[in-house]
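Chemist:
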Amino acid sequence: MKTTILFGIAILCPLAALTAQEIKPFDAKPGLWESTMTMEISGMPAMPAMPQLTPEQLAKMPPAARQQMESMMNSRAGAPRTITSKSCTTKEEINKGLAFSDKNQANCTRKIVSSSSSKMEMHVECAPDKTNMTVVSDITVERLDAEHVKVSGASKSTGTGAGNGAARTMDMKFTVASKWLSADCGDVKPAGEK
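Residue numbers (the working numbering): 2 to 195.
1. State the start and end residues of the unbroken beta strand (DSSP E) segment that holds G44.
2. Are the region 31 to 43 and the region 86 to 93 touching, with three or more C-beta to C-beta distances below 8 Å?
3. Where do the ends of the beta strand (DSSP E) carrying G154 lie?
4. Looking only at its chain, what residues have a beta carbon closer than 6 Å to the beta carbon of K157, apart from the 5 residues adjacent to it on each side?
5. Measure the CB-CB distance between F175 and G154 and report whether it falls below 8 Å.
6. Consult DSSP for P56 and reduce its assignment to one of helix, strand or coil.
7. In whole angstroms, what is the alpha-carbon distance linking P63 and E57?
8. A66 to R82, Cα distance in whole Å?
9. So, using beta-carbon positions, are G44 and C186 closer together than 8 Å?
10. Below 8 Å on the Cβ atoms is my contact criterion, and I expect T132 with G162 to pass it. Report the Cβ-Cβ distance as a whole number of Å.
11. Is the shortest distance between the beta-carbon of N133 and the beta-carbons of chain C less than 8 Å?
12. Provide the residue(s) that pair with L33 in DSSP beta bridges, ordered along the chain.
13. Quick one: residues in its chain with C-beta nearer than 6 Å to the C-beta of D191, no 5 flanking neighbours on either side, listed in chain order?
Below, the structure is given as structure tokens:
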């Protein structure tokens, strides 16, 4: 599961290596945003057996732990996996094309296919790192309005992975729906701040 989450984060890396001329800023509001990412992955290596919990056992768990456990159980069954997170997006990040993305991956190269104030298409290639996987992604980011952004894309990973060294290929399709919540980020800090 950790590999799945890291893989999802890696493909949504920021565009810091790109020049300002390649990126046309989105007309989106700065502040607190909530993003829900849904991933469908095929070719994922088998996970170790996990005991199944009964509905009664799940009902006794705190809501957050229960949701995480249900998500893990569903992802192992081949069902789409959904992750929701909040981020604080600054006007500077929006202007530089860094909004609606995650941590920078030094081993990735990005190419803007097209960019406008409402849509950006990019091609991302990530060389093998600690996961021993090469990742190639095509991603589209669309501004629906100043408070809603949609991301969609597909990735193909090839390599040996961090497991037993056997070659494998994984395909992933993903969508991200981001919505603006507030101009005040509260406890959520912009990327890079503690």
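Here a beta-carbon is modelled for each residue, glycine too, at the ideal position from N, C-alpha and C.
Modeler: From the atom records:
1. For G44, there is no enclosing beta strand (DSSP E), as DSSP marks it with neither H nor E.
2. yes
3. H149 to G160
4. V137 and D172
5. yes
6. helix
7. 12 Å
8. 16 Å
9. no
10. Contact between T132 and G162 is confirmed by a C-beta separation of about 6 Å, below the 8 Å threshold.
11. In the structure shown, chain C does not exist; there is a single protein chain.
12. C89 and S183
13. One detail in the question is off: residue 191 reads as Pro in this sequence, not Asp. Here the set comprises C89 and T91.
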